[in-house]
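The numbering used here puts the first residue of the sequence shown at 9, with every later residue one more than the last.
Reviewing the structure listed below.
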Amino acid sequence: MSGPVGILAMLGAMVKTDYRLALNFLVLLNVNLAILNMLPIPVLDGGHTIMGFIEGIFRRKIPAKLQEWATTGFAVALISLMLYVTFHDVFMRRDIFVDMFNSDTEVQAPADPSPTASE
Numbered sequence: 009m010s011g012p013v014g015i016l017a018m019l020g021a022m023v024k025t026d027y028r029l030a031l032n033f034l035v036l037l038n039v040n041l042a043i044l045n046m047l048p049i050p051v052l053d054g055g056h057t058i059m060g061f062i063e064g065i066f067r068r069k070i071p072a073k074l075q076e077w078a079t080t081g082f083a084v085a086l087i088s089l090m091l092y093v094t095f096h097d098v099f100m101r102r103d104i105f106v107d108m109f110n111s112d113t114e115v116q117a118p119a120d121p122s123p124t125a126s127e
């Protein structure tokens, strides 16, 4: 399971090899997100569809308080999972981030100094 950091790392590697491979990856990512959006979880579109079917079958509205609790609970669960996966991605790639933000790096002098006008 990869979060945004892992997905961008994979996309960067694919762009370096072949842009068509990267486009294929983006298409598959979009299709995957569309399928996941249709899962019957109250905060997603699939959950709204299921709630509509339930209201149609029982010919009664689902109480607003129940909808609110279910939507809020699943939203918190999905956001928590997203944060966990993102932090896990960053932790697994911490060497990259340490190198990126390392303050101990020194600027080196140019190997071949440019000639001055007086020479």
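Idealized CB from N, CA, C, for every residue including glycine.
Rounded C-alpha distance that separates residue i from residue j
i	j	result
serine 10	histidine 56	27 Å
valine 51	isoleucine 58	11 Å
leucine 74	glycine 64	17 Å
alanine 42	isoleucine 62	22 Å
methionine 90	isoleucine 70	28 Å
Three-way DSSP call (helix, strand, coil) for residue i in this model
i	result
methionine 22	helix
valine 98	helix
serine 10	coil
Exposure label - residue i; buried when at least 16 CB within 10 Å
i	result
aspartate 53	exposed
aspartate 97	buried
Sub-7 Å separation of residue i and residue j beta-carbons
i	j	result
methionine 18	alanine 30	no
phenylalanine 95	isoleucine 49	no
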